[in-house]
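Let me begin by presenting the structure, written as structure tokens, before commenting on it.
In the numbering used here, the protein residues as written are 32 to 362.
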């Protein structure tokens, strides 16, 4: 093959490659134009049915606004507490290393520093048994589950008349079952757990307790009682355990003849006696109040403005989707 033939083949190849590139370029341009046309068509379709979009937006906004307005204000009372310290357990920790083995034989658990009194108190605070006992003790099930409104002008509560008779201070009877409409222990526990919030700052150890209620006064009062009750509950438990330990150690002391064992029992009895004394003189046995509960001046929820804005956005989006679906079906 001579040089002229090779040149001729190269020219043909370049021409065919050029045509291919031009074709691809035209296809790309055509695809881009189609996309622009499609987007333009969609926008035109939306604009042509703008009243439908506006209608959906107004409808959703109106419904959410009505719902938001009918929701009662909820107030949140908060308090900051801190662990009261070792609650008399430091002496027992010191004895644990020295007499832990002997104490175990005597049936007494000195803990050895492994007991987290604060952690136990927090778990008790959220436990079903404690909450059910709290609701029963202060008889707050009606204020917890039957209140529908709070009137600030006279600081009074309005109850659901289909559930509770406020004039007689009693729950109504179901006409069908002939049973009281009073809530079960489980229902009371669930509702109180819902309005109770407990959080702890890991760095400082400070604990924030909060209670939400339709009445700011009840929220504050319940929180005060809750702090009082958890301190009382833990102190009574420790007092009961210390008393039982003292009785047991005293009985062992009377039967032993070894002077060394008697010395050990005397020291153990002394530490248990200190624990009992602390439970009787220290009202803030587990939690010491740093910032006491106050009657909240402002509501915690609902966030009506945010609800209305969200309703408008959802309504607008729903309207656009409806318009596009109708357009695509007709196309």
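Even glycine gets a Cβ: it sits at the ideal position worked out from N, Cα and C. All figures in this text were calculated on a predicted structure; none of them were measured in a lab.
I want to check one thing, is the minimum distance from the CB of residue i to the heavy atoms of the ligand GDP below 7 Å?
i: residue 348; result: This structure lacks the ligand GDP, and indeed carries no ligand of any kind.
Below 8 Å on the Cβ atoms is my contact criterion, and I expect residue i with residue j to pass it. Report the Cβ-Cβ distance as a whole number of Å.
i: residue 243; j: residue 226; result: 4 Å
i: residue 246; j: residue 176; result: No, residue 246 and residue 176 are not in contact; Cβ-Cβ is about 14 Å, not under 8 Å.
i: residue 158; j: residue 316; result: The pair is not a contact, with the Cβ atoms about 17 Å apart (cut-off 8 Å).
i: residue 248; j: residue 186; result: 6 Å
Can you tell me where the beta strand (DSSP E) with residue i in it begins and where it stops?
i: residue 319; result: 318-322
i: residue 9; result: Nothing can be reported for residue 9: it is not among the residues displayed for the chain, which extend from 32 to 362.
i: residue 180; result: 178-182
What residues match up with residue i in a beta bridge as DSSP calls it?
i: residue 113; result: 319
i: residue 211; result: 204
i: residue 108; result: 242
i: residue 229; result: 240
i: residue 189; result: 180
How far does the alpha helix (DSSP H) with residue i in it reach, from first residue to last?
i: residue 345; result: 335-361
i: residue 83; result: 81-101
i: residue 298; result: 290-312
i: residue 194; result: Careful: residue 194 lies outside any alpha helix (DSSP H) and carries neither H nor E.
i: residue 219; result: 216-226
i: residue 163; result: 159-169
i: residue 276; result: 247-286
Which residue from the options puts its Cα closest to that of residue i?
i: residue 179; options: 233, 154, 213 and 105; result: 105
i: residue 199; options: 205, 190, 206 and 207; result: 190
i: residue 357; options: 184, 294 and 80; result: 80
i: residue 294; options: 174, 280, 255 and 305; result: 280
i: residue 338; options: 94, 323, 75 and 76; result: 94
i: residue 241; options: 253, 88, 184 and 267; result: 253
i: residue 212; options: 206, 221, 111 and 202; result: 202
i: residue 90; options: 329, 341 and 270; result: 341
i: residue 268; options: 167, 283, 310 and 286; result: 310
i: residue 152; options: 319, 261, 220 and 328; result: 261
Excluding sequence positions up to five away, which residues of its chain have a Cβ less than 7 Å from the Cβ of residue i?
i: residue 83; result: 350, 353 and 354
i: residue 52; result: Unreliable placement is indicated for residue 52, whose pLDDT of 48 sits below 50; the coordinate value is still reported in the next sentence. Excluding residues within five positions, none has a Cβ falling inside 7 Å.
i: residue 331; result: 105, 106, 107 and 243
i: residue 182; result: 189
i: residue 61; result: Here residue 61 scores only 44 on pLDDT, less than 50, and its place in the model should not be relied on; the value that follows carries that caveat. If we look at residue 61 and ignore the five residues flanking it on each side, it has no Cβ neighbours.
i: residue 194; result: 177, 202, 203 and 212
Short of 6 Å in beta carbon distance, which residues of its chain neighbour residue i, apart from the five on each side in sequence? Order them along the chain.
i: residue 149; result: 114
i: residue 277; result: 300 and 303
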